[in-house]
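*Asks:* Count along the sequence shown starting at 1, add 273, and that's the number in my numbering.
Heads up, the beta-carbon is just placed ideally off N, CA and C, and yes, glycines get one too.
Before we start, here is the structure in question, set down as structure tokens.
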Amino acid sequence: MEVAALFAVTLLLGALVVLVALAVGRRKEEIREEIEQAAEFAAIGGVAKGPASKKPKQEKQRSRKDKPSQHTFSHQLLAASLKSHSANVTCLDFSSNGKYLASCAEDRTVRIWSTKDFLDREHKCLRANVDLDYATLVRFSPDSRAFITWLANGDTIRIFKMIKKEDGTFSFKASSEDFPQKHKAPILNIGIAETGKFIMTASTDTSIYIWDLKGDVLASINTNQITNSYAAVSPCGRFVASCGFTPDVKVWEVCFGKGGEFKEVARAFDLKGHSAGVHAFAFSNDSRRMVTVSKDGTWKLWNTDVEYKKQQDPYLLKTVPCVSSEGSLVALSPDGRVVAISDGCNVAMYSAATGQLEEELHGVHSEEINDLRFDINGRFLVCSGDKAIRVFHNTPGYRAAIRDMQDMLKKAQNEAMKQRLQQQIRDAQSSLDTVLAAPVD
Ligand SMILES: *[C@@H]1O[C@H](CO)[C@@H](O)[C@H](O)[C@H]1NC(C)=O
């Protein structure tokens, strides 16, 4: 892509996001904050080059000679392929401040990418080495200043602090002691509550541990689901949920007292409706919606914004047929408008409101997709499955936002409001057209 064209797309996309943000009622302050963040990224990006950006160059030369059959993939919606890892990426996580994407790989490194340069030609990243081991899972701490990893050989949690040096660069420091080993079966997922009150680890043998941040076990859960395929902490940090062989998804509340002391893990509610085992589930960012994908050949959308203490059950909002298989993952965009489901090396994107299949991405990776998630603004869908990280434009999300603005327009009372919405719809549509008209490379 020409630099000028790339620039134009970047600007237009920026404009679209601001417009969409305005349409959903984001405050000016938040937008100002984003602009300030952008300046900080530029500063970080400038010093993040060094060893991280040298390596891919060498790899490129090597790959031309020795590995001519490397997996190639192109697609209209592909915004970027992040390539610095020299072995398969196994996990991705966005920081809750929206600035960073973390990835870990079998190359014994964790990489921290700046989300602001996804649309740039170069993708710089910071590198943290995992000494004498490698990380298979990575999750940011709520303050985005640390991350936790699951050690493949150590079979436990290691915490890394991101230390911002005076010159604005980062260094990474592993905490002096890893957590004690507890799990006796392969690990499924780890999580850290947005409240900063606990860490969760879950393994296939139906055991979940709840830890404090120092590495002491607060509680253990037996999910009683025969085997588990997925477990996660909700974005609000109140709940832990699991799924597996049985057709239900079980949700627990991790309860703390007023003084912040741990009290108990209590059953909250179940998602009941699938007729076979559940591969995976995901939450919307406010934890009021969940989506599940099952062996029964459907995905289901749930309203989980219920008073379960008054015996209210979650409402089933939608059931949609889909292709899935053992290892399928599901992602729900932060605003709950788009559902993405992986099946082997493929991804399908659906409208959550209509259930319509909107995009199909085939052969995204050379191996099975092992992570799939939206960025916190819902602009991008990212996934991993080989050495590269694929970043896609969330065009179904843009279309859904435009549809919602059109609905608002129909209900709008005053003329000024109508005109503003009309202008926003026109601008959003033309920005979307630009993404779709960009050359595929
Ligand atoms: C969830 O995402 C939407 C859309 O991106 C945003 O407007 C909202 O503030 C987010 N809510 C939370 C709790 O993060």
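Using C-beta distances below 8 angstroms, list every residue in its chain close to ILE698, excluding the 5 sequence neighbours before and after it, in chain order.
*Replies:* Along the sequence shown, read from residue 1 onward, the residue named residue 698 stands at position 425. So the list reads ILE675, MET678, GLN679 and LEU682, once near-sequence residues are dropped.
*Asks:* Would you identify the three-state DSSP class for ARG400, choosing helix, strand or coil?
*Replies:* Counting from one through the sequence shown, the residue named residue 400 turns up at place 127. Three-state DSSP puts ARG400 in a strand.
*Asks:* I'd like to check one pair, VAL655 with ASP648: are the Cβ atoms closer than 8 angstroms?
*Replies:* Start at 1 with the first residue of the sequence shown, and residue 648 comes out as number 375. Start at 1 with the first residue of the sequence shown, and residue 655 comes out as number 382. Cβ distance < 8 angstroms, so ASP648 and VAL655 count as in contact.
*Asks:* With burial defined as no fewer than 16 other Cβ atoms inside 10 Å of the residue's Cβ, what is the status of ASN667: buried or exposed?
*Replies:* On the sequence shown, residue 667 is found 394 positions in, with the first residue counted as 1. ASN667 should be labelled buried.
*Asks:* Can you tell me where the alpha helix (DSSP H) with LEU705 in it begins and where it stops?
*Replies:* Here residue 705 is taken as the residue at index 432 of the sequence shown, counted from 1. 688-710 is the extent of the alpha helix (DSSP H) around LEU705.
*Asks:* What are the boundary residues of the beta strand (DSSP E) that includes LYS459?
*Replies:* Reading the sequence shown from its first residue, position 186 is the one you call residue 459. According to the sequence displayed, residue 459 carries Pro and not Lys. It is not in any beta strand (DSSP E) - PRO459 carries neither H nor E in the DSSP assignment.
*Asks:* Quick one: is the Cβ of ASN667 within less than 7 angstroms of any heavy atom of ligand 1?
*Replies:* Taking the first residue of the sequence shown as 1, we reach residue 667 at position 394. No.
*Asks:* Applying the 10 Å Cβ sphere with the 16-neighbour rule, what's the burial state of VAL713?
*Replies:* Here residue 713 refers to the residue found at position 440 when the sequence shown is read from its first residue. With fewer than 16 other Cβ atoms within 10 Å, it is exposed.
*Asks:* With distances taken from each beta carbon to the nearest heavy atom of ligand 1, which residues come in below 5 angstroms, in chain order?
*Replies:* Listed by chain position, these are ASN558, ASP559, PRO607, ASP608 and GLY651.
*Asks:* Assuming PHE420 and ALA360 make a contact with CB atoms under 8 angstroms, what is their CB distance in whole Å?
*Replies:* Counting from one through the sequence shown, the residue named residue 420 turns up at place 147. Counting from one through the sequence shown, the residue named residue 360 turns up at place 87. Wrong, their Cβ atoms sit about 19 angstroms apart, outside the cutoff.
*Asks:* Is DSSP giving PRO520 helix, strand or coil here?
*Replies:* Here residue 520 refers to the residue found at position 247 when the sequence shown is read from its first residue. It is coil, neither helix nor strand.
*Asks:* Identify whether LEU605 lies in helix, strand or coil by the three-state DSSP scheme.
*Replies:* Numbered from 1 along the sequence shown, position 332 holds the residue referred to as residue 605. Reduced to three states, the DSSP call for LEU605 is strand.
*Asks:* Is the CB-CB distance between GLY546 and LYS568 below 8 angstroms?
*Replies:* Your numbering for residue 546 matches position 273 in the sequence shown. Your numbering for residue 568 matches position 295 in the sequence shown. Contact: no.
*Asks:* With respect to the alpha helix (DSSP H) encompassing ARG562, which residues constitute its N-terminal and C-terminal limits?
*Replies:* Residue 562 sits at position 289 when you count from the first residue of the sequence shown. Looking at the DSSP string, ARG562 is not in any alpha helix (DSSP H); the run it does join, the beta strand (DSSP E), is 562-567.
*Asks:* Indicate whether CYS364 and VAL403 have their beta-carbon atoms separated by less than 8 angstroms.
*Replies:* As a position in the sequence shown, residue 364 is number 91, starting the count at 1. As a position in the sequence shown, residue 403 is number 130, starting the count at 1. Not a contact, by the Cβ cut-off of 8 angstroms.
*Asks:* Helix or strand or just coil, what does DSSP make of LEU682?
*Replies:* Counted from its first residue, the sequence shown places residue 682 at position 409. Helix.
*Asks:* Go ahead and label LYS372 buried or exposed: buried means 16 or more other beta carbons lie within 10 angstroms of its beta carbon, across all protein chains shown.
*Replies:* Here residue 372 refers to the residue found at position 99 when the sequence shown is read from its first residue. Buried, by the Cβ-count rule.
*Asks:* For ASP366, which three-state DSSP category applies?
*Replies:* What you label residue 366 is simply residue 93 of the sequence shown in a count that begins at 1. Looking at ASP366 - three-state DSSP - the assignment turns out to be strand.
*Asks:* Thinking just about the alpha-carbon of each residue, which of ALA625, GLU633 and GLN629 is nearest to the one in ASN576?
*Replies:* One-based indexing of the sequence shown puts residue 576 at position 303. Minimum Cα distance to ASN576 is reached at ALA625.
*Asks:* Can you give the Cα-Cα distance for SER417 and TYR407, rounded to whole angstroms?
*Replies:* As a first step, residue 417 is located in the sequence shown; it is residue number 144 there, counting from the start. As a first step, residue 407 is located in the sequence shown; it is residue number 134 there, counting from the start. Roughly 21 angstroms between the two C-alpha positions.
*Asks:* Classify ARG540 as helix, strand or coil using the three-state DSSP reduction.
*Replies:* To locate residue 540, count along the sequence shown from 1; it is residue 267. The answer is strand: DSSP assigns ARG540 an E or B state.
*Asks:* Mark CYS528 as exposed unless 16 or more other C-beta atoms lie within 10 angstroms of its C-beta, in which case mark it buried.
*Replies:* Along the sequence shown, read from residue 1 onward, the residue named residue 528 stands at position 255. By the neighbour-count rule (16 or more Cβ atoms within 10 Å), CYS528 is not buried but exposed.
*Asks:* Using the beta-carbon count (16 or more within 10 Å), is SER557 buried or exposed?
*Replies:* Your numbering for residue 557 matches position 284 in the sequence shown. With 16 or more other Cβ atoms within 10 Å, it is buried.
*Asks:* Closest to GLY469 by C-alpha separation, out of ARG431, THR429, PHE413 and LYS455, would be which residue?
*Replies:* On the sequence shown, residue 469 is found 196 positions in, with the first residue counted as 1. Residue PHE413 is the option with its Cα nearest to GLY469.
*Asks:* Run through DSSP, which three-state label would ALA549 get?
*Replies:* In the sequence shown, counting from the first residue as 1, residue 549 sits at position 276. It is coil, neither helix nor strand.
*Asks:* Please report the Cβ distance between GLU633 and PRO669, rounded to the nearest whole angstrom; I am assuming they are in contact, meaning their Cβ atoms lie under 8 angstroms.
*Replies:* The sequence position of residue 633 within the sequence shown is 360, counting from 1. The sequence position of residue 669 within the sequence shown is 396, counting from 1. That pair is no contact at about 11 angstroms.
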